[in-house]
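Peer 1: Mapping to the numbering used here: the sequence shown position 5 is 375, numbers consecutive.
What follows is a structure written as structure tokens; I'll ask about it next.
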Amino acid sequence: PSAGGNGTWAPWEEALSRPSTYSPLRTFYMYRAVGDDAGSAANTNAANLPGVLWYLHHNIVGEYPRGLNVTSIERLRVQTRATKPLLRSRMQFGPHMAMDRGRCMG
Numbered sequence: 371p372s373a374g375g376n377g378t379w380a381p382w383e384e385a386l387s388r389p390s391t392y393s394p395l396r397t398f399y400m401y402r403a404v405g406d407d408a409g410s411a412a413n414t415n416a417a418n419l420p421g422v423l424w425y426l427h428h429n430i431v432g433e434y435p436r437g438l439n440v441t442s443i444e445r446l447r448v449q450t451r452a453t454k455p456l457l458r459s460r461m462q463f464g465p466h467m468a469m470d471r472g473r474c475m476g
């Protein structure tokens, strides 16, 4: 991926820039730990429910006062379709890449 002419993300393959209408629509829930001042869910970490509970147990509950002002778990309804390049690779989702402050950490 690279930056497009106007500073937006540009896909490395043209097929990634078009909607995937031939792939089944998948709907599922993701979760995130939030505080009272939680903002938009855009560009945020989310996980399955066991993942969020693990995060709370290992990073929040063991501290007093509780770390990062986490007060609740937010449920997000997600809908996605696999892209044509993913389907050609017999995949529904791409590989996991950890992100931290807008940078890919691997």
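For every residue, glycine included, the Cβ atom is placed at its ideal position computed from N, Cα and C.
CB-CB under 8 angstroms to arginine 451, same chain, minus the five flanking residues each way: which ones, in chain order?
Peer 2: What you label residue 451 is simply residue 81 of the sequence shown in a count that begins at 1. Closer than 8 angstroms at the Cβ level, and outside the excluded window around arginine 451, lie Pro389, Ser390, Thr391, Ser393, Pro394, Leu395, Arg396.
Peer 1: Taking the straight line between their C-alpha atoms, what separation do you get for phenylalanine 398 and arginine 471?
Peer 2: What you label residue 398 is simply residue 28 of the sequence shown in a count that begins at 1. What you label residue 471 is simply residue 101 of the sequence shown in a count that begins at 1. Their Cα atoms are separated by approximately 25 angstroms.
Peer 1: Candidates Pro435, Leu457, Asp406, Trp382: which alpha carbon is nearest isoleucine 443's?
Peer 2: Position 73 of the sequence shown, counted from the start, is the residue given in the question as residue 443. Among Pro435, Leu457, Asp406, Trp382, the Cα nearest to that of isoleucine 443 belongs to Asp406.
Peer 1: Report the partner residues of serine 459 according to the DSSP bridge assignment.
Peer 2: Here residue 459 refers to the residue found at position 89 of the sequence shown. In DSSP, serine 459 forms no bridge with anything.
Peer 1: In whole angstroms, what separates the C-alpha of alanine 417 from that of tyrosine 401?
Peer 2: Counting from 1 along the sequence shown, the entry for residue 417 is found at position 47. Counting from 1 along the sequence shown, the entry for residue 401 is found at position 31. Each residue's Cα considered, the two are about 5 angstroms apart.
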